[in-house]
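This report concerns only the one structure given below.
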Ligand code: SAH
């Protein structure tokens, strides 16, 4: 069966030709899938019954059904979805003053191995298809009756490790004939896969790039991010500079604050040197405790001292507001507790 929701209109045209149908059917089907968002061919009422049957024999329509959704007191909603092969993924819908934002997963699990992250504990299970990523957006909009204005590819998984499907997803979700979200309202977060950043720069898709930097030097970074052994901060920042030159998009440096590991004043000074002179924004993330790991979130005092040092050095810095902490909203936590059967 062919995953029809992952195909763009041109590909659909080719499919129609291959089954002896006129190419304009592609536009009709694309609209049924991405605007009206039906989940069966039978609902495509402007197609003949025989065509609907023909389509149903050859194509499948990916749909996600939440096995659980949890609403936090701050309005954040966490969805847990079971995929057709039984795998489980999660996404998070956040509501801000300026609109609704969704954090989508790009893989089942992750193989990057960052020591403070719950998504990576059992490694990578598999990549998500473009339609499975897309459905996280559609299903959240449907079930919560909202229009999502921002997408962050910051859930479980490393998007650069599932590059083609993630790019396909970005193109589909920003398609003018589909959801039509501006690529500028999409953020892709990476732990720093240099070839991926370089490739993305040439994609003609000026999404916001977020780099999970988390340390001011390679030595510290290597202690909790295995990917730091493959790419040095110097190389990664060079790639980010290239990304900025190509897209004019200011890069975000994410910096998860871990008590006693990366939160000293010396770290803040070093980070200022890296960020200084670059068109970037530093987002400090008080780390969420995961039960499998001993890392502890930096104290409020340390975080504000750290922030003050960056500000003194004229770095653009914010502290990320934690949302949904009462519902295990951080990367991979809910999925794990679901799989362990204790929620
Ligand atoms: N693999 C990509 C995207 C997924 S992780 C990346 O590394 O960017 C999304 C963000 O959440 C990353 O910045 C990651 O470091 C952060 N993160 C993961 N676990 C966390 C935790 N327990 N507390 C705070 N941030 C966490």
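Residue numbers (this note's numbering): 18 to 360.
Every residue gets a Cβ at the ideal spot worked out from N, C-alpha and C, and that includes glycine.
Close Cβ partners of residue i (< 6 Å) along its chain, the five nearest in sequence each way excluded
| i | result |
| --- | --- |
| residue 157 | 110, 119 |
| residue 31 | none |
| residue 279 | 232, 237 |
| residue 329 | none |
| residue 337 | 300, 302 |
| residue 183 | 123, 176 |
Residue range of the alpha helix (DSSP H) that includes residue i
| i | result |
| --- | --- |
| residue 88 | Element bounds for residue 88: not the alpha helix (DSSP H) but the beta strand (DSSP E), 82-88. |
| residue 51 | 42-51 |
| residue 67 | 66-75 |
| residue 222 | Taken as a continuous stretch (DSSP letters only), residue 222 belongs to no alpha helix (DSSP H), as it is neither H nor E. |
| residue 335 | Per DSSP, residue 335 belongs to no alpha helix (DSSP H); it is in the beta strand (DSSP E), 334-336. |
| residue 107 | No alpha helix (DSSP H) holds residue 107; the beta strand (DSSP E) holding it covers 105-113. |
| residue 24 | First-last for residue 24: undefined, no H or E at that position. |
Cβ shell of residue i (< 7 Å), same chain only, five flanking positions each side left out
| i | result |
| --- | --- |
| residue 121 | 108, 150, 153, 154, 168, 170, 172 |
| residue 259 | 215, 218 |
| residue 80 | 56, 152 |
| residue 324 | 301, 334, 336 |
| residue 22 | 50, 78, 79, 148, 151 |
| residue 281 | none |
| residue 52 | 195 |
Sub-7 Å separation of residue i and residue j beta-carbons
| i | j | result |
| --- | --- | --- |
| residue 250 | residue 235 | yes |
| residue 284 | residue 233 | yes |
| residue 115 | residue 163 | no |
| residue 106 | residue 84 | no |
| residue 49 | residue 61 | yes |
| residue 208 | residue 262 | no |
| residue 4 | residue 289 | One cannot answer for residue 4 here, as it falls past the ends of the chain, which runs 18 to 360. |
Where the beta strand (DSSP E) through residue i begins and ends
| i | result |
| --- | --- |
| residue 164 | Taken as a continuous stretch (DSSP letters only), residue 164 belongs to no beta strand (DSSP E), as it is neither H nor E. |
| residue 188 | Careful: residue 188 lies outside any beta strand (DSSP E), inside the alpha helix (DSSP H) at 180-190. |
| residue 227 | 225-229 |
| residue 298 | 297-303 |
| residue 141 | 141-144 |
| residue 120 | 116-120 |
| residue 133 | Per DSSP, residue 133 belongs to no beta strand (DSSP E) and is neither H nor E. |
| residue 213 | From DSSP, residue 213 is part of no beta strand (DSSP E) but of the alpha helix (DSSP H) over 211-218. |
| residue 96 | 94-99 |
Cut-off 8 Å between Cβ atoms - residues of its own chain near residue i, not counting five sequence neighbours on either side
| i | result |
| --- | --- |
| residue 93 | 109, 110, 111, 112, 340, 341, 344, 346 |
| residue 257 | 214, 226, 228, 268, 295, 297 |
| residue 312 | 132, 133, 241, 275, 276, 278, 304, 306 |
Residue i: CB within 6 Å of a non-hydrogen atom of the ligand FMN
| i | result |
| --- | --- |
| residue 149 | With respect to the ligand FMN, the structure offers nothing, as its ligand set consists of the ligand SAH. |
Task: Validate contact between the stretch 34-46 and the stretch 64-72 using beta carbons, cut 8 Å, 3 pairs - done: Contact between the stretch 34-46 and the stretch 64-72 is present, because at least three Cβ pairs lie under 8 Å.
TODO: Please determine if the stretch 283-303 and the stretch 119-136 are in contact, where contact requires at least 3 C-beta pairs separated by less than 8 Å.
DONE: No, they do not touch.
TODO: Kindly confirm or deny that the stretch 139-146 and the stretch 188-195 touch, where touching means at least three C-beta pairs closer than 8 Å.
DONE: Result no; under three Cβ-Cβ pairs closer than 8 Å.
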